[in-house]
Structures are given as C-alpha cells and as structure tokens.
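Colleague:
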Ligand SMILES: Cc1cc2nc3c(=O)[nH]c(=O)nc-3n(C[C@H](O)[C@H](O)[C@H](O)COP(=O)(O)OP(=O)(O)OC[C@H]3O[C@@H](n4cnc5c(N)ncnc54)[C@H](O)[C@@H]3O)c2cc1C
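Chains as they are written, first to last, in the working numbering: chain Y, 1 to 416; chain C, 1 to 96.
#1: What are the start and end residues of each continuous alpha helix (DSSP H) run of 4 or more residues lying completely inside the region 47 to 100 of chain Y, in chain order?
#2: Would residue 412/Y count as contacting chain C if we go by Cβ distances under 9 Å?
#3: Is any non-hydrogen atom of ligand 1 found closer than 8 Å to the C-beta of residue 368/Y, if you look at the structure I gave you?
#4: Check distances from the C-beta atoms of the region 30 to 50 of chain C to those of chain Y and list, in chain order, the residues that come in under 9 Å.
#5: Per the DSSP calculation, residue 4/C is bridged to which residue(s)?
#6: Straight-line CA distance for residue 197/Y to residue 349/Y?
#7: What residues in the region 350 to 383 of chain Y have a beta carbon less than 8 Å from any beta carbon of chain C?
#8: Would you please state the rounded distance, in angstroms, between the beta carbons of residue 270/Y and residue 155/Y? I believe it to be under 8 Å.
#9: Are the region 45 to 55 of chain Y and the region 191 to 210 of chain Y in contact at 8 Å, needing three or more beta carbon pairs?
#10: If we call anything under 9 Å between Cβ atoms a contact, is residue 251/Y one with residue 395/Y?
#11: Any idea which residues DSSP pairs residue 292/Y with across the strands?
#12: Relative to the C-alpha of residue 80/Y, which residue among 391/Y, 178/Y, 18/Y, 87/Y is closest?
#13: Can you pull the DSSP bridge partners for residue 220/Y?
#14: What separation, rounded to the nearest whole angstrom, lies between the Cα atoms of residue 234/Y and residue 68/Y?
#15: Whole angstroms is fine: what's the gap from residue 224/Y's alpha carbon to residue 242/Y's?
#16: Quick check on residue 300/Y: does DSSP put it in helix, strand or coil?
#17: Taking buried to mean at least 16 other C-beta atoms within 10 Å of its own C-beta, is residue 91/Y buried or exposed?
#18: Run down chain Y in chain order and give the residues with a C-beta less than 9 Å from the C-beta of residue 14/C.
#19: Hey, would you say residue 34/Y sits closer than 9 Å to residue 228/Y, going by beta carbons?
#20: Residues in the same chain with beta-carbon distance under 6 Å from residue 411/Y, minus the five sequence neighbours each way, listed in chain order, please.
#21: Does the distance from the C-beta atom of residue 25/C to that of residue 52/C stay below 9 Å?
#22: Suppose the cutoff is 7 Å on Cβ atoms and the five residues either side in sequence are ignored; what does the same chain contact list for residue 70/C look like?
#23: Around the Cβ of residue 383/Y, are there at least 16 other Cβ atoms within 10 angstroms (buried) or fewer (exposed)?
#24: Measure from the alpha carbon of residue 402/Y to the alpha carbon of each residue in 152/Y, 346/Y, 30/Y, then state which is nearest.
#25: I think residue 138/Y touches residue 129/Y, with their Cβ atoms under 8 Å apart; what is that distance to the nearest whole Å?
#26: What is the DSSP secondary structure of residue 130/Y, reduced to helix, strand or coil?
#27: Where does residue 54/C fall in DSSP's three states?
#28: With a cut-off of 8 Å, do at least 3 Cβ pairs link the region 68 to 77 of chain Y to the region 360 to 373 of chain Y?
#29: Which residues in chain C have a C-beta closer than 9 Å to the C-beta of residue 253/Y? List them in chain order.
#30: Identify whether residue 324/Y lies in helix, strand or coil by the three-state DSSP scheme.
#31: Distance check for residue 46/C and residue 18/C, CA to CA, integer angstroms please.
#32: Please say whether residue 43/Y and residue 336/Y have beta carbons closer to each other than 9 Å?
#33: Is residue 71/C helix, strand or coil when you go by DSSP?
#34: Helix, strand or coil for residue 79/C? Go by DSSP, reduced to three states.
#35: DSSP three-state call for residue 160/Y: helix, strand or coil?
#36: Would the beta-carbon of residue 39/Y fall within 9 Å of that of residue 62/Y?
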C-alpha cells in the first residue's frame, strides 16, 4: 500500500474502507541472521536500513512493549545539526540530510518541518562562544546565522528582551533545523522495515543472552529462545539493564527527563526557541500546543515520571523568557528515561562479545539522530566497520581518553 | 522527595545536590599498580541498577554534610540515609 495524495482522495470518496494495518504481527522464527533488541526509533531505523540499504534478510526487531512505546514517543521532537565538536557535527549533519529526504525515502508522512532553531544569547561571552560554534557548523557544511537583538525581535517579538538577569542580546539561528512527528518517524521506519521483510515482534522482552566461547548465539525472550547470527542492542534508557545480562557494565546512568504540552493555541511560536541560560526550550506543535521542557530531574531514575520541583523550575524559565506563557493552561506532563553517557555523546560500537553490538548513550538528544543512528548501526552490523561519521562513538573511548564532551563538564551525566 | 537526614530529620531533597553512586567513596589508590585501569573504571563505569541504589547527596543548602541515601530508582522511594563519613569510616575499619 503506497501513500499519496491521490490515495487519500480515493479513500475519502469510498468511505475509508481500503486502509490496512501498516505492518504484519508475526510470531518469532526459531532463528534470524540479525536480531535488533528494542523497537524504538533507533532499532526500527537500523532494521530498515539493514534490509533496504544493505540488502540483508532474516532480520527481526524484538520489542518488549509495543513499537514506539519508549522515548521515541515521549520526546519534544527537535531535530538540528548545530554541534561544535568534530566527533559529533558530521554525524548530526548526516542525520539532517537523511531527515530532509526521509518522507520520500520511506513513503510516510513524518511531518518533518524545517522551521528553524534559535539559541538565545544574553552576554558577550555567550556571543563569542556561539560565534565559534556557528563557525564550526559552517565549516562542517551545515548552516548557521548569528542574529542581533533586533533580528531576534523581528522573529519573536513576544520574548522578554529586558529581563534584568538575562537580557536578550541576539541568537544563533539554524534555519534547516526544526521538528518532526516523533510517532510518525517510528511508524514510517516500522512500515518500511516490514515491507522489506523484517519481522517486527512486539510484547517480546529479551531476558538474557546465550553466549558461548565469547560469542553471542542468540537471545532468551519472554516468547522463548531465538537464535541469531548478530545481535544489536538499541534500548536507550534500559541499556545498562540489558547489557548487564551479557555481563557488561556501561559508562551510563539512567535519568528522568520531563516534558510538557499546553492546550492548543493559534500559531505564535515561529520555530524552536532555546533559553539555555534559564534551562527552558519551547516550540509549537502543528495542533497548536506549546511543547516545552527543561532540565533533567537530576538523580538516577527508571520511574518514567519526574517530580514537582523540576516542573516549577521549567515553569519559572518559561515565565522569565515569555511571560505570555502564563496565560496558557498546561495540558499534560510526562517523563522518559534517558541513557545519559559519561561525556554526553553516544556509543555505536561492537562489544568485547563477538556478534554483540551496542547503540546507546543518547542522552536527551537521540531523536534528531534517529536516521543517522539507524544507518550507522546497520552499517556496523552489516560490514563490521563503523560508518565514517560515527567513528568516534567507541565504547572504549572513556578508558583511552578520547571522550567527546560537547559541554566540557566531565563525568557528570546529570549535567550533560 | 524528603531525605531523612541522620542529624536534622526530614529535609526537602531540593536542599541537596546529587553526585551519584556511593561507590565513588572508594577512590582507588593512584600509586598502586594498574591504577590507570582502576581509575577508568572508577570515573566512568556505573552499575546503574533498576531498584535499590546507594547514592551520594550533598546537603549544600543545609549543614553541608555528605549523605549516603538508599533509594529505589523505580519508585523514587527513599529507604534510609547515613552520614557518608560514617560509611567511609566503617569501610576503613572493615579493612576494605
Ligand atoms: C521528555 C523527552 C524529550 C526529548 N526531547 C528530544 C528532542 O527534542 N530532540 C532529540 O533529539 N531527542 C530528544 N529526546 C531524546 C530521544 O527521545 C531519545 O534519545 C531517543 O528516542 C532514544 O532512542 P530510541 O528511540 O531508540 O529509544 P526508545 O524509543 O526508548 O526505544 C528503546 C526500546 O527498547 C525497548 N526495550 C527495553 N528493554 C527491552 C528488552 N529487555 N527487550 C526488548 N525491548 C526492550 C523499550 O521498550 C523501548 O521501546 C527526548 C527524550 C525525552 C524523554
């Protein structure tokens, strides 16, 4: 079933009786060549590219709940390629290029919207740092513009420019950044993978690994043992729990991040606006809700919900930046479990166990990485070598000193 | 969350800052053989359990003591708190 404008029209005229489920719901086979653990954005994208781009077959995705029930369905949907460090920026720009063609690629509406991201500047020191970052972004081949206060005022006149503590002096703008529909991304990759022959197996929790002679042979699951040639783990906030079953400890802490959405309003916010100094960021969904968030709660958590002090902190940030937000009613708040790595950057690598591969450490920035992460993980699984843009994402970089610490805060996962 | 401070009674967790796993108390000997590997392990690797977690909290806006708090990471329930100093001294006495 292909989606098109014509198809929508035809269905509208025939009572919408022709739509079919987007994927099969198969039982697991006894053995696969490739098993991906985790049916979030990264696992589904990896399966998709393994089948479509690398031409592999006999692939399964094992998901303990339903597809997209983890962070892919909980994030605030920001996509951007405005990183500073050479270990990161080429990877995120590769991801942005994949976003730009994603809907044509998998024939599904993921509502990719390049409405821009604006990082606000409040001091001379911050302007210097953002100018440096902007130059690094331009050198990497991506786009960045430094705005003065008047240019920011033209874009977002509703901001509080004269806050005594954080007056707005300008901003760093990336126009190609924006948002995408998070669920749509998971569904698009799931449907594309299913069409390419991947078995998407839901309600199938991996409960152990069978490892013999230093090599992985298969996985124990809540639906029985499944043999595998290669196993790739992409379980985000559950990474430490799952890899512990293979006897590994990771450079990761799990933390809760909350997000918020207001009632639907008329269009007000032009793109994504970040107030880093005040720990607040906001965008507006196509339904009109203001989608916003701030910092982690700050302590280890697997609870998928946060506490009130962080909600108060985010609300204060919002009021300081755009006082009009006080008139909007909060509709929902929720939390997701982040795999916070020790340097704030991800891991896409093989492990000391033959045939077992790891994709983890995405912190709160893994949504934008979904296409590139899936592609690079598929590349690693299919060829045994890292994708060019993901070479730095080694598991042993912490021991060898090759950390990629974008914020320069060291081994403090709750500050990245 | 309320933390039962051994000296001050129940205190709001907002008065504290969070460091992480209480195993950070056991800093390896930098002069020992194999110190480099031991430090890589100490600084970067974590158990990160789902369930009971012993962790370091600093009473920054209070008496500035370090506590070892035992908390369930799946529910946020706080089971107990000890002075980190006592934990450390007990460790030393046990010869660990
Ligand atoms: C509130 C919030 C806001 C965010 N905002 C942004 C943002 O604006 N921009 C951005 O780039 N990123 C953002 N992120 C981060 C982003 O959502 C994550 O980094 C990314 O989704 C993680 O990859 P994933 O999609 O594969 O994870 P998930 O969707 O969590 O997938 C992992 C899957 O593994 C499954 N699993 C776990 N254990 C097992 C097991 N034993 N067996 C089988 N399956 C298992 C889980 O059920 C889950 O479905 C945000 C996250 C949160 C919570």
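Heads up, the beta-carbon is just placed ideally off N, CA and C, and yes, glycines get one too.
Modeller: In brief:
#1: 89 to 100
#2: yes
#3: yes
#4: 36, 37, 40, 41, 43, 44, 45, 46, 47, 48, 49, 50
#5: 10/C
#6: 25 Å
#7: none
#8: 6 Å
#9: yes
#10: yes
#11: 260/Y, 282/Y
#12: 178/Y
#13: 208/Y, 225/Y
#14: 12 Å
#15: 17 Å
#16: strand
#17: buried
#18: 309
#19: yes
#20: 342
#21: no
#22: 52, 54, 79, 80
#23: exposed
#24: 346/Y
#25: Actually they do not touch by this definition, with Cβ atoms about 15 Å apart.
#26: helix
#27: strand
#28: yes
#29: 20, 21, 46, 48
#30: helix
#31: 15 Å
#32: no
#33: strand
#34: strand
#35: coil
#36: yes
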